[in-house]
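See below for the structure under consideration.
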Amino acid sequence: MSYRNRVITVFGGSGFIGRHLIRRLARSGAVVRIATRHPSKAAFLKTAGAVGQIVPLAVDVRRDDSVARVIRESDVVINLIGILHPQGGWDFATAHVDAPARIALVAKAEGVERLIHVSAIGADANGTAEYARSKAAGEQAVLDAFPEATILRPSIVFGPEDQFFNRFAAMAQVSPFLPLIGGGKTRFQPVYVGDVAEAIANAAGDPASKGRTYELGGPKVYSFEELMRITLREIRRNRWLVPVPWNMAESLGGLLEKIPLIAPPLTRDQVELLRRDNVPSGTLPGLADLGVAQPTMVEVMVPTYLVRFIVGGTYTTTRKIRGQVPE
Numbered sequence: 030m031s032y033r034n035r036v037i038t039v040f041g042g043s044g045f046i047g048r049h050l051i052r053r054l055a056r057s058g059a060v061v062r063i064a065t066r067h068p069s070k071a072a073f074l075k076t077a078g079a080v081g082q083i084v085p086l087a088v089d090v091r092r093d094d095s096v097a098r099v100i101r102e103s104d105v106v107i108n109l110i111g112i113l114h115p116q117g118g119w120d121f122a123t124a125h126v127d128a129p130a131r132i133a134l135v136a137k138a139e140g141v142e143r144l145i146h147v148s149a150i151g152a153d154a155n156g157t158a159e160y161a162r163s164k165a166a167g168e169q170a171v172l173d174a175f176p177e178a179t180i181l182r183p184s185i186v187f188g189p190e191d192q193f194f195n196r197f198a199a200m201a202q203v204s205p206f207l208p209l210i211g212g213g214k215t216r217f218q219p220v221y222v223g224d225v226a227e228a229i230a231n232a233a234g235d236p237a238s239k240g241r242t243y244e245l246g247g248p249k250v251y252s253f254e255e256l257m258r259i260t261l262r263e264i265r266r267n268r269w270l271v272p273v274p275w276n277m278a279e280s281l282g283g284l285l286e287k288i289p290l291i292a293p294p295l296t297r298d299q300v301e302l303l304r305r306d307n308v309p310s311g312t313l314p315g316l317a318d319l320g321v322a323q324p325t326m327v328e329v330m331v332p333t334y335l336v337r338f339i340v341g342g343t344y345t346t347t348r349k350i351r352g353q354v355p356e
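Right under this line is the structure:
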């Protein structure tokens, strides 16, 4: 799909999904504005396009005038802003509700043709996790202001810079065990970041996607335990998989989220999220409806970037990986 000479503004474009999306949009010929709090951190993406094609711009999504400045004269606006836990003065309400609402209101006022809002599977106004409730509230705020907006809800997104497989692989380097929160039975349908980027780009150019909500899941469902075993196999490590009861996980999350100056590896809200499966409902359209007919499998892509965690490199002798849970 070609977006030649069209202006696309991407909020949160320097993040994990954003960097893949920006490259995809640049190949289509679009002029891309990366709206971010720290333009210098997005400068590396300028080389993905021709001179002047990709422009990082500073924005404060808490101010109407700042948002209007980066949106003005855009054909398409894409919102990727999201956080996993409160940080740097940002809470879930600010990132997931207030910012999307303001972006949608300004986009409508500026006459933007298309608005794509990336939410998450599990968005639920009645959910027990604040993350889930804020995501649902953000979706509603977007649709209230811009009814023809397209909502995309990906499952857990994996890829070279992900915060799932990389995090647990790093943990396995220093810890003799990996935790199975709630016994490791929670189900996920991981979706490759490149497929998500393709779906977003296709949605922006597909009139049939207006006003619709899509759930994006990969080709296979895994339990949390299965994903841990895949991680250990690919980094060639023997580590115990230890079931952690829900109440113990909540206590641990409460402790870790109080440690200053670090991103907590686990919070109480994330424990609440893990109580529910993170898979598409089957009642909404998905990747295939956005032109991604053959999504990438975890087993194909994950080995290409977890290789850096293998001691001695990829060509060392492979050891048998137990990943056994102690009796």
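This note's numbering puts the sequence shown at residues 30 to 356.
All C-beta atoms in this analysis are idealised placements derived from N, C-alpha and C, irrespective of residue type, glycine included.
Since we're looking at a predicted model, the values are computed, not measured.
- Less than 7 Å separates the beta-carbon of V225 from that of I46.
- Where T65 is concerned, there is no enclosing alpha helix (DSSP H), although the beta strand (DSSP E) around it starts and stops at V60 to T65.
- For V61 against S103, the beta-carbon gap comes to about 10 Å, at or over 8 Å, which does not count as contact.
- Between V222 and H67, the CB-CB gap reaches or exceeds 7 Å.
- Taking a 10 Å sphere around the C-beta of Q218, we find 16 or more other C-beta atoms and assign the residue as buried.
- In the DSSP annotation of this structure, the continuous segment of the alpha helix (DSSP H) that includes N276 starts and ends at W275 to L285.
- In the structure shown, A87 adopts extended strand secondary structure according to DSSP, grouped into three states.
- Counting along the chain, the unbroken alpha helix (DSSP H) around I264 starts and ends at F253 to I264.
- Judged by DSSP in its simplified three-state form, V39 adopts strand.
- Within 10 angstroms of the beta-carbon of P129 lie 16 or more other beta-carbons, which makes it buried.
- Going by DSSP, H49 is part of the alpha helix (DSSP H) stretching over F45 to R56.
- Distance from the CA of G118 to the CA of I229, rounded to the nearest whole angstrom, comes to 29 Å.
- Judged by beta-carbon spacing, A133 lies beyond the 7 Å limit of A165, meaning their Cβ atoms are not closer than that value.
- Nearest to I145 by alpha-carbon distance, out of A122, F40, P293 and D127, is F40.
- Two segments are said to touch when three or more pairs of C-beta atoms, one from each, lie closer than 8 Å; by this definition the region 197-212 touches the region 270-290.
- Taking a contact as a CB-CB distance under 8 Å, the pair V271 and F206 counts as one, their CB atoms being some 5 Å apart.
- Taking the C-beta atoms as reference points, R182 is found no nearer than 7 Å to E227.
- As the crow flies, the alpha-carbon of I107 is around 42 Å from that of N267.
- Per DSSP, Y243 is one residue of the beta strand (DSSP E) stretching across T242 to L245.
- The region 231-238 makes no contact with the region 325-332, as fewer than three CB pairs between them are under 8 Å.
- In the structure shown, the three-state DSSP call for R337 is helix.
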